[in-house]
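All remarks here apply to the structure that follows.
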Ligand SMILES: Nc1ccn([C@@H]2O[C@H](COP(=O)(O)OP(=O)(O)OP(=O)(O)O)[C@@H](O)[C@H]2O)c(=O)n1
Ligand SMILES: C[C@](O)(CO)[C@H](O)COP(=O)(O)O
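Numbering (the numbering used here), first residue to last: 62 to 296.
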């Protein structure tokens, strides 16, 4: 299975002066954790990192340090996540029939989650990892006045990995370009084109590192994981 990793963001909400994926969590760049999970996922055979050429040298160094056994390609990013993913789709090897797309910023996704999505995409043409929302969600008008409270039992928070049939996703992106659609995930393009998108159970810990607070939470989760591994090893 081919994996595209959008990694060409600016990290504005992080307030960082460089791509946030190069910031360290537990002494390793965020993107390193993402790559380690992709390397450990047994069903991923090829990795495309979509990034700005200004970061390519740093990324090459990280790729070498990680000693990845899977082929990795660097692909030029766009000015939005949507554009970056489209560039990634155009750069896929012609043999790729299905693709997983996973935000570089979701560095806590487990190899099992990648594999669960890679397995399930054989039954659907589009799917996403997602978890039921825990809060009550309000829809507001432009003045911030609540208009409605959707039934929480029908609400899910979208994560990545997201997986799709490559030909269909390319068509949806091209339709999006023609129609001027601006969306924040690939599933939204699929939905707008009238295709079904299924949900695979995501992970509570699969947060997108977006703000400085998320960095601290990611650090905490990775420390707890390492501690648990040590305890299991010593038993
Ligand atoms: N032009 C862009 C913008 C975002 N991304 C990637 O899409 C993922 C999700 O985006 P987000 O977390 O919003 O990252 P940033 O765009 O860097 O953050 P911000 O919106 O705060 O600037 C990240 O892995 C990011 O690198 C991308 O490949 N190309
Ligand atoms: C794709 C995504 O991670 C699903 O939650 C999210 O939509 C990315 O959005 P962002 O606006 O780029 O943070």
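Glycine included, C-beta positions come from ideal geometry on N, C-alpha and C.
Looking at the secondary structure, which residues open and close the beta strand (DSSP E) in which residue i lies?
i: residue 137; result: 133-137
i: residue 166; result: It is not in any beta strand (DSSP E) - residue 166 carries neither H nor E in the DSSP assignment.
i: residue 192; result: 187-193
i: residue 84; result: Run containing residue 84: none; DSSP gives neither H nor E here.
i: residue 63; result: 63-67
Using a 10 Å radius around the Cβ and a threshold of 16 neighbouring Cβ atoms, would you call residue i buried or exposed?
i: residue 206; result: exposed
i: residue 211; result: exposed
i: residue 13; result: Nothing about residue 13 can be read from this structure; the chain reaches only from 62 to 296.
i: residue 98; result: buried
i: residue 257; result: exposed
i: residue 75; result: buried
i: residue 305; result: The first residue shown for the chain is 62 and the last is 296, placing residue 305 beyond what the model contains.
i: residue 198; result: exposed
i: residue 220; result: buried
i: residue 167; result: buried
i: residue 293; result: exposed
i: residue 201; result: exposed
i: residue 237; result: buried
With a threshold of 6 Å (Cβ to nearest heavy atom), would residue i be considered close to ligand 1?
i: residue 145; result: yes
i: residue 222; result: no
i: residue 172; result: no
i: residue 91; result: no
i: residue 111; result: yes
i: residue 71; result: yes
i: residue 74; result: yes
i: residue 68; result: yes
i: residue 241; result: no
i: residue 205; result: no
i: residue 138; result: yes
When every heavy atom of ligand 2 is checked, does at least one fall within less than 6 Å of the C-beta of residue i?
i: residue 142; result: yes
i: residue 195; result: no
i: residue 156; result: no
i: residue 152; result: no
i: residue 164; result: yes
i: residue 191; result: no
i: residue 246; result: yes
i: residue 259; result: no
i: residue 219; result: yes
i: residue 253; result: no
i: residue 269; result: yes
Tell me the residue span of the alpha helix (DSSP H) that contains residue i.
i: residue 179; result: 172-181
Please check if any C-beta of chain B sits within less than 7 Å of the C-beta of residue i.
i: residue 274; result: The question asks about chain B, but that chain is absent: this structure has only one protein chain.
Could you name each continuous beta strand (DSSP E) segment of 3 residues or more that falls completely within the region 205-277, going from the start of the chain to the end?
When DSSP assignments are scanned along the region 205-277, the uninterrupted stretches of beta strand (DSSP E) that are 3 or more residues long and fall wholly within it turn out to be 207-209, 217-226, 259-262.
Whole runs of the beta strand (DSSP E) within the region 92-158, excluding any shorter than 3 residues
You should have 107-112, 133-137.
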